[in-house]
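Residue numbers (our numbering), protein chains in the order written: chain A, 13 to 319; chain B, 11 to 107.
What follows is a short report on a single structure.
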């Protein structure tokens, strides 16, 4: 019944409006929660999917759009929100997840950057915070988490695309998520959605050292990649961030993992590179559909292996 | 709006550690204003770099002088952006209908 076109890219306002519509259409399942404000004072909204029960049920965090130019990740997230409400009580696997756990979905983790990509520079990746003493704007919000902050794979130069920021959590967008997750205290899974080059990765990015749960995470990720590929054969490469793509310190999933959220994964969604970050709109729904199969596989494993 | 007229994306093959070091130097140099879409990491994984039109000549010369294999995956970024813009406007129109 929605008039929202899930096969197109949208403004921040349109995405927020659609989040509101989903929450209004399914008030017993979904609520829109504000977790903070961006540097330029835009609200940061998450959708909370919950079937009730005790206050702080075990929970899953789905994070999208931290790098603003990766538009198919925000688009996939908003499609995923509608998929969850559509399939609840129809898809037994999803229903079983929601009977036991809550899902929190943040479709636009970097609202200022997202708006900037639509008004000034489509290729913008970072936040829009000002850097005193530099003409260059913004910090890479996926180098700003408190996980080997300012280590390998980051830059101290504010003009760099991987500038880590003045200190961990300096970006209010990152701090808002960190505080929300810490105050909640019962997150079991954190998935970050990026785009470019079809990868499914797990900690660590800041070291080549194996994560203590690497074997299980590898197994979960391989199963998820297989589920994802079952739709249209999109092949994902699976492995730890550091050796699969490149060393990257201060990333969201490393922070999550080091703070007790065992099931921490990063997706790099479908993109051959021939379109850059401009995945054609005709590929949004196919990307979201296949990603959903991967996500669902991970979430089902988490549900069955609560700790 | 910032324009990307004539900017290209290069896909560069990396065959050994020496090439990773040389490429790391290139992409970290402030002179060329490169935007790395896929960083040099391990062998066998190509590196994708957005090269602004003003840097095309020096970057091509560097790659040739060092014997790198590369191809151009995006010939003109602005053309892609224009297509996307058109597509978005078309979708907005459809929504109104």
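Yeah, the Cβ is synthetic: ideal placement off N, Cα and C, and Gly gets one too.
Closer than 9 Å, CB to CB, is residue 257 of chain A near chain B or not? True, the Cβ-Cβ gap to chain B drops below 9 Å.
Under 9 Å, Cβ to Cβ, is there at least one residue of chain A near residue 31 of chain B? no
Does DSSP put residue 172 of chain A in a helix, in a strand, or in coil? Residue 172 of chain A falls in the coil class under three-state DSSP.
Taking DSSP's pairing of strands, which residues face residue 80 of chain B in a bridge? B:22
Alpha carbon to alpha carbon, what distance is there between residue 300 of chain A and residue 274 of chain A? Residue 274 of chain A and residue 300 of chain A: Cα-Cα distance of roughly 24 Å.
Would you kindly work out how many angstroms separate the C-alpha atoms of residue 305 of chain A and residue 93 of chain A, rounded to a whole number? 14 Å
Going along chain A in order, which residues have a C-beta closer than 7 Å to the C-beta of residue 58 of chain B? 285
Can you confirm whether residue 248 of chain A, when its beta carbon is compared against all beta carbons of chain B, has any partner nearer than 9 Å? No, residue 248 of chain A lies away from the interface with chain B (no Cβ there is under 9 Å from its Cβ).
Show which residues of chain B have a CB atom less than 8 Å away from the CB atom of residue 133 of chain A. What residue 133 of chain A touches in chain B: 11 and 12.
C-beta neighbour in chain B for residue 173 of chain A, strict 9 Å: yes
Close beta carbons around residue 79 of chain B, own chain, < 7 Å, minus the five adjacent residues each side: Excluding positions up to five away in sequence, the list reads 23.
For residue 268 of chain A, collect the residues of the same chain with a Cβ closer than 7 Å to its Cβ; drop the 5 residues on either side in sequence, then sort them by chain order. Once the five neighbours on either side are set aside, the close Cβ partners of residue 268 of chain A are 202 and 276.
Which stretch, first to last residue, makes up the beta strand (DSSP E) that contains residue 196 of chain A? Taken as a continuous stretch (DSSP letters only), residue 196 of chain A belongs to no beta strand (DSSP E), being part of the alpha helix (DSSP H) at 184-196.
What do you get for residue 242 of chain A, buried or exposed, if any count of 16 or more other CB atoms within 10 angstroms of its CB means buried? exposed
Find the nearest neighbour of residue 112 of chain A within the set A:54, A:125, A:214 and A:200, judged by alpha-carbon distance. A:200
Per DSSP, which one or two residues make a beta bridge with residue 9 of chain A? Nothing can be reported for residue 9 of chain A, as the shown portion of chain A is limited to 13 through 319.
Using 8 Å as the Cβ pair cut-off and three pairs as the minimum, do the stretch 46-57 of chain A and the stretch 66-82 of chain A touch? no
Continuous alpha helix (DSSP H) stretch holding residue 298 of chain A: start and end: 296-316
Residue 30 of chain A by DSSP, collapsed to three states: which one? helix
Where the stretch 57-70 of chain A meets chain B: residues whose CB sits under 9 Å from a CB there: So nothing in the stretch comes that close.
For residue 183 of chain A, the nearest candidate out of A:73, A:24, A:250 and A:262 (CA to CA): Across the set A:73, A:24, A:250 and A:262, the C-alpha of A:262 shows the shortest separation from the C-alpha of residue 183 of chain A.
In terms of residues, what are the limits of the alpha helix (DSSP H) holding residue 142 of chain A? Residue 142 of chain A -> no alpha helix (DSSP H), and no H or E assigned at all.
Note down the Cα distance separating residue 256 of chain A from residue 51 of chain A, rounded to an integer number of angstroms. 32 Å
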